[in-house]
Ligand SMILES: NC(=O)c1ccc[n+]([C@@H]2O[C@H](COP(=O)([O-])OP(=O)(O)OC[C@H]3O[C@@H](n4cnc5c(N)ncnc54)[C@H](OP(=O)(O)O)[C@@H]3O)[C@@H](O)[C@H]2O)c1
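In the numbering used here, the protein residues as written are 227 to 511.
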């Protein structure tokens, strides 16, 4: 990989990719909505045609899951039409594309980790539009890496930061205890993406940290690592009414394709959290 074009470069994953690539000999073209609106095909064609990257990493998305329910047209444009535009331009100009997707393409009704080939059945607008994005990329080019990740946190708004803020504002926090998945740092996801690009094997991947937990246990671990004494109490999804979009109850992903390729493993989720808490100065020292 000599030249990489990153869309949505100011998001969590975009920033982590920059952290990893900044001292390498890879040339980075950073773009975000102000310089490359992925929904606008004419602009996508012009920028990709001018820059001629080897690899496009699409980090742009409409990630506000609840907002997508009421902002369907924008969700469709950003999560489905945008990836399609990028994949068409990739095909036209000879680039390969990394499209990042989500565990929300699955229903979450199962009770064992999902592998890449399992049946998809999204329950939310966010999940539906991200799935449409996957399909549009696959239809436009064969040179794709589709990477489904989950419960992402990095340099941006995320669950870890929300929990730390609430810990300073409240005496008690209630957190959903019957939804299961795997917290994944954007740095670990970025490392995984660079690894699979290096390997050069196209296809659909799951890319989450190892292990699994509930949001409640995740919150408790954040408080433990941050040294916060706030009381964390479990609540069931049925009791909790604060979200609009339906979330998968069980969306643990198995990195089957990645783990079959060699010795590379993504970090255990608690270990990745420790790295993040240290990097961002949140850890209790
Ligand atoms: N966050 C999660 O928990 C999670 C879970 C599973 C999968 N994922 C997937 O992982 C990927 C990275 O997520 P993230 O958390 O890093 O996202 P993020 O922090 O929300 O960043 C997304 C970036 O895309 C930009 N953007 C929005 N619309 C755009 C457009 N039309 N053209 C160009 N850029 C646009 C955003 O700009 P503005 O901020 O100005 O809108 C933002 O800089 C996404 O594909 C997401 O669907 C995320």
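We treat Cβ as the ideally placed atom computed from N, Cα and C, and that holds for glycine.
The model shown is predicted, which means the values in this text are computed figures rather than measured ones.
Range covered by the beta strand (DSSP E) that runs through residue i
i	result
residue 460	457–461
residue 327	322–328
residue 431	429–432
residue 229	229–233
residue 305	Run containing residue 305: none; DSSP gives neither H nor E here.
residue 281	281–284
First through last residue of the alpha helix (DSSP H) which encompasses residue i
i	result
residue 244	238–247
residue 448	441–452
residue 500	495–505
residue 311	308–319
Straight-line gap, residue i to residue j (C-alpha atoms, nearest Å)
i	j	result
residue 511	residue 366	50 Å
residue 273	residue 262	7 Å
residue 444	residue 242	21 Å
residue 296	residue 509	37 Å
residue 312	residue 400	41 Å
residue 300	residue 324	21 Å
residue 390	residue 321	41 Å
residue 499	residue 372	24 Å
residue 292	residue 352	8 Å
residue 473	residue 252	38 Å
residue 385	residue 290	12 Å
residue 343	residue 330	15 Å
Exposure label - residue i; buried when at least 16 CB within 10 Å
i	result
residue 338	exposed
residue 268	exposed
residue 455	exposed
residue 306	buried
residue 491	exposed
residue 396	exposed
residue 302	buried
residue 465	exposed
residue 276	exposed
residue 358	buried
residue 468	exposed
As assigned by DSSP and simplified to three states, the class of residue i
i	result
residue 346	coil
residue 352	helix
residue 479	strand
residue 253	strand
residue 472	coil
residue 263	coil
residue 520	Examination of residue 520 is not possible in this model, given that the chain is present from 227 through 511 alone.
residue 340	strand
Ligand 3 heavy atom lying under 7 Å from the CB of residue i
i	result
residue 288	In terms of ligand content, the structure shown lacks ligand 3 and carries ligand 1 instead.
C-beta neighbour in chain B for residue i, strict 8 Å
i	result
residue 403	Protein chain content of the structure displayed is limited to a single chain, and chain B is not contained in it.
Taking only runs that begin and end inside the region 361–427, name each unbroken alpha helix (DSSP H) of 4 or more residues, in chain order. Counting only runs of 4 or more, we get 385–395, 412–425.
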